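S.K.: Let me begin by handing over the structure; questions about it come next.
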Amino acid sequence: MAQIHQPEPVKLIAALLAGRAEWLDAAEERLRQLFGATDTASDDMPFTFTDYYRQQMGSALLRRLLSFARLIDPGELAAIKRQTNAVEAELTEQFDGVPRPVNIDPGYIEPSKLVLASTKNFAHRLYLGAGIYAEVTLQYRHGTWEAGQWTFPDYRSRTYDAFLTEVRDRLMKQH
44 MAQIHQPEPV
54 KLIAALLAGR
64 AEWLDAAEER
74 LRQLFGATDT
84 ASDDMPFTFT
94 DYYRQQMGSA
104 LLRRLLSFAR
114 LIDPGELAAI
124 KRQTNAVEAE
134 LTEQFDGVPR
144 PVNIDPGYIE
154 PSKLVLASTK
164 NFAHRLYLGA
174 GIYAEVTLQY
184 RHGTWEAGQW
194 TFPDYRSRTY
204 DAFLTEVRDR
214 LMKQH
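Numbered according to my numbering, the sequence shown spans residues 44 to 218.
Right, dumping it as structure tokens:
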């Protein structure tokens, strides 16, 4: 019989999407209050990969990626996604008149993969509990990030690879 082992701690990340830099700043500040200091953040990048968010968020969207200094147990991801959804709701009240000022997608990096949380089920997602699903968005193999069949276009584009590799390298030093 195989022995059950606790998983290694992982690096918490958050992918923020918003129509204004100040909304990204507000989300980042709130996430720091919840999850502690960040140890790296990407520059704000234009998000032009899909029109999915246009009706709720507008068309000139910005993406910012964050990595948090404190490692987490990967089993915490469902609770973290519920917390980030609550932050989205808080920011909707704070920025009254905007249907959805910020989208926050938490996930984690471990040495072999990037995992993102979602409230939406699909064929490639696994149920974590509490209404939250997770997917392996990218695999790290042979020194590079590889997309899967269902990987989102922005992650597939390799735009985030340098950031993700930096976060992975930080994780390896923390282990």
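Here a beta-carbon is modelled for each residue, glycine too, at the ideal position from N, C-alpha and C.
For clarity, every value in this text was computed on a predicted model and none was experimentally measured.
Decide yes or no for the touch test of the region 199 to 212 against the region 77 to 87: beta carbon pairs closer than 8 Å, at least 3 of them.
M.R.: Cβ pair count under 8 Å is three or more, so yes.
S.K.: Have a look at Glu189, Arg113, Thr93, Leu171 and flag the residue whose alpha-carbon is nearest the alpha-carbon of Gly79.
M.R.: Within the sequence shown, numbered from 1, the residue matching residue 79 stands at position 36. Residue Arg113 is the option with its Cα nearest to Gly79.
S.K.: For Ala121, which residues from the same chain have a beta carbon less than 6 Å from its beta carbon, with the 5 sequence-adjacent residues on both sides left out?
M.R.: In the sequence shown, the residue the question calls residue 121 occupies position 78. Result list for Ala121: Leu171, Gly172, Ala173, Ile175, in chain order.
S.K.: Just how far apart, CA to CA, sit Thr76 and Gln46?
M.R.: What you label residue 76 is simply residue 33 of the sequence shown in a count that begins at 1. What you label residue 46 is simply residue 3 of the sequence shown in a count that begins at 1. Residue identity differs from the one stated: residue 76 is Gln in this sequence, not Thr. Going by the C-alpha atoms only, they are around 37 Å apart.
S.K.: For Arg106, which residues does DSSP report across the bridge?
M.R.: Mapped onto the sequence shown, residue 106 falls at position 63. Leu60, Met88.
S.K.: By the 10 Å Cβ neighbour count, where 16 or more other Cβ atoms means buried, how is Trp193 classified, buried or exposed?
M.R.: Numbered from its first residue, the sequence shown carries residue 193 at position 150. Trp193 comes out exposed.
S.K.: Can we say the region 85 to 98 touches the region 126 to 133, given the rule of at least three CB pairs closer than 8 Å?
M.R.: With a cut-off of 8 Å, the region 126 to 133 and the region 85 to 98 do not count as touching, because too few Cβ pairs lie within range.
S.K.: List the whole-angstrom C-beta distance separating Ile152 from Ala57, where the pair is believed to meet the contact cut-off of C-beta under 8 Å.
M.R.: Along the sequence shown, read from residue 1 onward, the residue named residue 152 stands at position 109. Along the sequence shown, read from residue 1 onward, the residue named residue 57 stands at position 14. At roughly 12 Å, the Cβ-Cβ gap does not stay under 8 Å, so Ile152 and Ala57 are not in contact.
S.K.: Does Tyr198 come out as helix, strand or coil in the three-state DSSP assignment?
M.R.: Within the sequence shown, the letter at position 155 stands for residue 198. Correct three-state label for Tyr198: helix.
S.K.: When the Cα atoms are used, what is the spatial distance from Thr202 to Lys216?
M.R.: As a working mapping, residue 202 is identified with position 159 in the sequence shown. As a working mapping, residue 216 is identified with position 173 in the sequence shown. Rounded to the nearest angstrom, the two C-alpha atoms are 24 Å apart.
S.K.: Near Lys156, what residues of its chain come up, given a Cβ to Cβ distance below 7 Å and the 5 sequence neighbours on each side ignored?
M.R.: Translated into the one-based positions of the sequence shown, residue 156 becomes position 113. For Lys156, where only same-chain residues beyond five positions count, the Cβ hits under 7 Å are Val179, Leu181, Gln182, Tyr183.
S.K.: Alpha carbon to alpha carbon, what distance is there between Ala166 and Gly186?
M.R.: For the purposes of this step, residue 186 is taken as residue 143 along the sequence shown, with counting starting at 1. For the purposes of this step, residue 166 is taken as residue 123 along the sequence shown, with counting starting at 1. Cα-Cα distance, rounded: 28 Å.
S.K.: So, at 7 Å on beta carbons, what are the nonlocal neighbours of Glu189 in its own chain, with the 5 sequence-adjacent residues on each side left out?
M.R.: In the sequence shown, residue 189 corresponds to position 146, counting from 1. Cβ within range, chain order: Leu181, Gln182.
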